[in-house]
Every structure is written in C-alpha cells, then in structure tokens.
Amino acid sequence: MTVKEALETASRKLKENNIENPINEAKYLLKYLLKKDDVFFITDLNYELTDEEINEYEQLVNKRCAHVPFGYITGIKEFMGLDFHVDRETLIPRPETEIIVEYMIEHFKGITLDILEIGVGSGCISISTAKYLENVNILGVDINEKALSIANKNIEYHNVDDRVKFIRSDIYENVEGKFDVIISNPPYIRKDIIETLEDDVKKYEPILALDGGEDGLYFYREIIKNASKYLNESGHIIFEIGYDQGEQVKDLLIQNNFTNIEIINDLAGFDRTVVGKLK
C-alpha cells in the first residue's frame, strides 16, 4: 500500500465516523507515525508502506475514529508554538487559551513579575509564559497529582525549572505569599451541559477539569473572593471564560474590588478572556 492509498483509505474511514477535516487528520496521523515533513507528502506519495507501518497506521486511525483526541493519541499537543506532553489527566491545550499568554506578552514584557496560576493542567500556560517572558517567576497549583506529574515533565522538557514551580493545592490551600498576577483557565462548563459536549471531550477529557458546577461559575467565585489576599497592590487577574460568561465574571470582579475590567473575544468573536485589576 502506498502513502497515497493509505491516506485515501484513512480519510474515507475518518469521514464515515464524523471526524472533521478527515483529509488533514489522516495526513497528521501518518506524518506522526512516519516522522516525515510536509514535503514528503508532496514528493513521495508513491512510497510503499511496510506491513508494520500499515498495521500501526490502522491502529492510529481506529483510535481517531473512536474520537480519541489527537493529542491523546500522540501524547503531544502544540501550544504557543511549543510542544507539550499531555495525557487523559490533562485537558488538551486549545488555541483560544493562547489569548492569556498573548495578553501577558503584550502587557508585561520586560517587567519583573510573580505569577500564580490556578489549575495548571499540562502546565502549558505557565511554561509558555516563562518561555516568552524572561523576568517572571511562576507558582502553579493543581489538585490533581497525576496532572502535576505531566506538568512537571513539561517543566523539565522546556528547561524552565528555575522560574516555574508546580505544587498540589486546592485553589489557595497551600499557597503562600503575594503575586502580581493571578491567571486561571478553571473548569467552567455547566454541569448539565457536559453530556451535550462532543465525544472527543466528554468521553476522554478529565471531567474534573471541565465541570464548573451548576452554573459554570463555581471556580470563578472561589478564586475571586479570596484573590485580594494573594495579590499585590494593583495586581491583575486573568481568566479564560466560557463564550457566554463575560458579563457574569465581570460582575463578580466588580463585586470584589476589581476595576479596569476588559473582556477579550476569541477569533470567532466569542467572549474568551477577562482581565481585571485590583483597586
């Protein structure tokens, strides 16, 4: 079987199983398996796959047909131009979450900062921030020990252990000191919405990292109500939010002595990030 034939067969199977962009997905899976670049898939479509390569490719395609997220199949997901180890204990990093890091780069470049991240997951936000901003020290917390294991693996992979540290903590439980910025992409899906999510998400991604309580706002309340105890004067708080939660999170911030509140939209035009400054 040639590369071209394998791609055609895989694309057809992925499409039959309602996988979006089946042609690209088929290519990405084979690219991952063969460790080849894009040029190979232009110049070597007649390359004959070995029986072992065909079998391994079929296994990868079958996993994707079962809606296992691509990141969990490969164990790697790109974020902010960097590769991160992921597994089913961590959320798959998403492009819209890059808004938090991009905001940090735009507004705090060259400034020395102490940062607290609540709910680190794979560690992609803190580690990316440290890679692009040299003058930061970051403490990240997560309640999930297994997620922290992956996050610490990513610290080592990106060689930022001198500026990024992750510990187990239920929000502020084990946090000491004060910070210039608190950042968080907390669970924000309403409990009754979780069963309506795509199979890729509800079947495979950790519910602990998705479930935001009855109204999706539980963790925002918990983080915001005690934030002033852990923020320096005029400190900032930066959240990722659900597409319809901007005004609600803004109100919570106003009620807790935050000002200069900004709601930032993602590329689709939905509310995605909220920034506030402590009075």
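Counting in full-length UniProt numbering, the sequence shown runs from 1 upward without gaps.
All residues carry an ideal CB built from backbone N, CA and C; glycine is no exception.
Judged by their CB atoms, Ile100 and Ile182 are not nearer to each other than the 9 Å cut-off. Within the segment 244-275, the complete beta strand (DSSP E) segments at least 3 residues long are 258-265, listed from N- to C-terminus. DSSP, read as helix, strand or coil, puts Thr74 in helix.
Separation of Ile127 and His158 (C-alpha to C-alpha, rounded to the nearest whole angstrom) is 8 Å.
The beta carbon of Tyr204 sits closer than 7 Å to those of Val68, Pro69, Tyr72 and Arg88, all from its chain and outside the five residues before and after it, given in chain order. The C-beta of Ala268 has fewer than 16 other C-beta atoms within 10 Å across all chains shown, which makes the residue exposed. Bounds of the alpha helix (DSSP H) holding Leu34 are Pro22 to Leu34.
Put simply, the segment 191-201 does not touch the segment 164-181. Fewer than three CB pairs are less than 8 Å apart. CA-to-CA, the gap between Gly110 and Lys35 works out to about 37 Å. A check of alpha carbon separations from Val39 across Leu14, Val3 and Thr74 identifies Val3 as the nearest. The secondary-structure analysis by DSSP pairs Val164 across a beta bridge with Ile138. Between the alpha carbons of Glu222 and Cys124 lies a gap of roughly 22 Å. The Cβ neighbour count for Ile76, taken over all protein chains shown within 10 Å, is under 16; the residue is labelled exposed. Under the three-state reduction of DSSP, Asn62 is assigned to helix.
In the DSSP assignment, Leu231 falls within the unbroken beta strand (DSSP E) covering Leu231 to Glu240. One Cα belongs to Leu252, the other to Ile263, and the distance between them is close to 13 Å.
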